[in-house]
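>
Residue numbers (this note's numbering): 59 to 388.
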């Protein structure tokens, strides 16, 4: 079993930074304009929510003044290794909370997170926006706006991922749709280009860290380099040229957020990358024969609790690319 290079504290910080954009609240209503949204967005949130994939279930606690909300993130059940034996522990429970200030501006729900800047010692404020619900009412389905306000500056993006929350009393459910996600602008493609551009290409670790389900804002760096030319691109396919050699990259199969098969071809040769990851509810994989794919950190009692299952053939994939390029691993 492998240890993640991050401490559990840093991993949880990353997770909760992601959860921020999924949260919701009931609070007082403020006057003011709502966030400007794209008129082409389908307002039938119920059908979109029903078709989306559940990513997290938790609890909410509304403050007495209804101006704050606390999101309770829970994990029930975990894979544990003890005395060299793996088993699923149904009794395992872990929870943590994050508190937000909340308000309504027109038909937009606004959640604001406050933190201290370690360099200046001053507070910083980040606001997240949710649309589609009812003004002044917490319960219902909300869609996360692709815009964030940081210290008053509004930043928006479009990565093809649509995120929803449904709040029902003290329960909250997060769902995500990636039907239009741009896999060709993902962290996987960024790392792939990084690998192709390396000389000699003997370090495969950059491919092991590739994330095909995360948008990369750094991909533009490679598309502006003279040795990379993007010829055609859709959200699941790309043809590009690197130093005069033509390549075709294609997503052959993808299952939302947990598995994918990608092909990279040049001439008559094809390399295939297989990826599978599970971050919760992987009882069937909590066994000794999968130990090399189970990642954990020592963070609860004296046992080893597995954080996730991750399996991809990055070395085989990288070696195949090297053979096409005429570069062998030494």
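For glycine and all other residues, C-beta sits at the position ideal for the given N, C-alpha and C. These figures come from a predicted structure and were not determined experimentally.
Helix, strand or coil: which one does DSSP assign to residue 158?
Here the question's residue 158 lines up with position 100 in the chain shown. Residue state, collapsed to three classes: strand.
> Pop quiz: residue 225 and residue 198 are said to be a contact at Cβ under 8 Å. What is the actual Cβ separation, rounded to whole angstroms?
Taking the chain shown and counting its residues from 1, the one referred to as residue 225 is at position 167. Taking the chain shown and counting its residues from 1, the one referred to as residue 198 is at position 140. Sure, about 7 Å apart at Cβ, within 8 Å.
> Kindly indicate which three-state DSSP category residue 215 falls into: helix, strand or coil?
Numbered from 1 along the chain shown, position 157 holds the residue referred to as residue 215. Correct three-state label for residue 215: coil.
> Quick check on the burial criterion: 16 or more other C-beta atoms within 10 angstroms. Buried or exposed for residue 241?
Within the chain shown, the letter at position 183 stands for residue 241. That one is buried.
> Sorted by chain position, which residues of the same chain lie with C-beta nearer than 6 Å to residue 119's C-beta, five sequence neighbours on each side aside?
For the purposes of this step, residue 119 is taken as the residue at position 61 of the chain shown. Around residue 119: 128.
> In chain order, what residues of the same chain have a beta carbon less than 6 Å from the beta carbon of residue 136, not counting five sequence neighbours either side?
On the chain shown, position 78 is the one that residue 136 refers to. Answer for residue 136: 147, 150, 363, listed in chain order.
> Mind listing, in chain order, the continuous beta strand (DSSP E) runs of no fewer than 3 residues lying wholly within the region 104 to 185?
If we require 3 residues or more, the beta strand (DSSP E) runs fully inside the region 104 to 185 come out as 111 to 120, 126 to 140, 143 to 163, 166 to 174.
> Are the region 271 to 280 and the region 247 to 257 in contact at 8 Å, needing three or more beta carbon pairs?
Output reads yes: the region 247 to 257 touches the region 271 to 280.
> Just checking, does the region 279 to 288 make contact with the region 297 to 312 on the three C-beta pairs under 8 Å criterion?
Segments in contact, yes.
> If contact is defined by three or more beta carbon pairs under 8 Å, each pair taking one atom from either stretch, is the region 344 to 353 in contact with the region 302 to 312?
The answer is no - the region 344 to 353 does not touch the region 302 to 312, with fewer than three Cβ pairs under 8 Å.
> So what does residue 366 bridge to, in DSSP terms?
Here residue 366 refers to the residue found at position 308 when the chain shown is read from its first residue. In DSSP, residue 366 forms a bridge with 353.
> Sort 264, 163, 162, 209 by Cα distance to residue 180 and report the nearest one.
For the purposes of this step, residue 180 is taken as residue 122 along the chain shown, with counting starting at 1. Looking at the Cα atoms, 209 is the closest of the given residues.
> If distances are taken between C-alpha atoms only, which option among 246, 340, 200, 143 comes closest to residue 105?
For the purposes of this step, residue 105 is identified with residue 47 of the chain shown, where counting begins at 1. Residue 200 is the option with its Cα nearest to residue 105.
> So does residue 329 have its beta carbon nearer than 8 Å to some heavy atom of the ligand GTP?
Ligands displayed in this structure: none; no statement on the ligand GTP is therefore possible.
> Start and end of the beta strand (DSSP E) containing residue 335?
The residue you call residue 335 lines up with position 277 of the chain shown. First-last of the beta strand (DSSP E) with residue 335: 327 to 336.
> Please confirm whether residue 371 and residue 335 have their CB atoms less than 9 Å apart.
If you number the chain shown from 1, residue 371 lands on position 313. If you number the chain shown from 1, residue 335 lands on position 277. In this structure, residue 335 does not lie closer than 9 Å to residue 371 by Cβ.
> Would residue 194 and residue 162 qualify as a contact pair, given that the criterion is a beta-carbon distance under 9 Å?
Walking along the chain shown from the start, residue 194 turns up at place 136. Walking along the chain shown from the start, residue 162 turns up at place 104. Contact: yes.
> By DSSP's criteria, residue 200 is part of a beta bridge. Which residues make up the other side?
Within the chain shown, residue 200 is the residue found at index 142, counting from 1. For residue 200, which the question treats as bridged, DSSP gives the partners 223.
> According to DSSP, simplified to helix, strand and coil, what is residue 279?
Along the chain shown, read from residue 1 onward, the residue named residue 279 stands at position 221. Here residue 279 sits in helix by DSSP.
> Consult DSSP for residue 340 and reduce its assignment to one of helix, strand or coil.
The sequence position of residue 340 within the chain shown is 282, counting from 1. Correct three-state label for residue 340: coil.
> Grab the span of the beta strand (DSSP E) containing residue 300 for me, first residue to last.
Residue mapping note: residue 300 aligns to position 242 of the chain shown, counting from 1. Taken as a continuous stretch (DSSP letters only), the beta strand (DSSP E) holding residue 300 covers 295 to 300.
> With distances taken from CA atoms, which of 109, 243, 186 is nearest residue 206?
Residue 206 sits at position 148 when you count from the first residue of the chain shown. The option with the nearest alpha carbon to residue 206 is 186.
> Just the Cα atoms here: how many angstroms apart are residue 93 and residue 125?
Locating residue 93 in the chain shown gives position 35, counting from the first residue. Locating residue 125 in the chain shown gives position 67, counting from the first residue. Any reading at residue 93 needs caution, since the residue's pLDDT is 49, under 50, leaving its predicted position unreliable; the model's value is listed next. Approximately 19 Å between the Cα atoms of the pair.
> Could you give the distance in angstroms between the alpha-carbon of residue 164 and the alpha-carbon of residue 373?
For the purposes of this step, residue 164 is taken as the residue at position 106 of the chain shown. For the purposes of this step, residue 373 is taken as the residue at position 315 of the chain shown. Between residue 164 and residue 373, the C-alpha separation is close to 52 Å.
> Can you give the Cα-Cα distance for residue 324 and residue 307, rounded to whole angstroms?
Locating residue 324 in the chain shown gives position 266, counting from the first residue. Locating residue 307 in the chain shown gives position 249, counting from the first residue. Residue 324 and residue 307: Cα-Cα distance of roughly 9 Å.
> Measuring straight from C-alpha to C-alpha, what distance separates residue 380 and residue 272?
Within the chain shown, residue 380 is the residue found at index 322, counting from 1. Within the chain shown, residue 272 is the residue found at index 214, counting from 1. Those two C-alpha atoms are separated by around 25 Å.
> Using only alpha-carbon positions, find the residue among 378, 103, 369, 304 that is nearest to residue 235.
Here residue 235 corresponds to residue number 177 of the chain shown, with the count starting at 1. Nearest option by C-alpha distance: 103.
> Distance, Cα to Cα, residue 321 vs residue 111?
What you label residue 321 is simply residue 263 of the chain shown in a count that begins at 1. What you label residue 111 is simply residue 53 of the chain shown in a count that begins at 1. Approximately 25 Å between the Cα atoms of the pair.
> Sort 339, 375, 350 by Cα distance to residue 330 and report the nearest one.
Numbered from 1 along the chain shown, position 272 holds the residue referred to as residue 330. When each option's Cα is compared against that of residue 330, the closest is 375.
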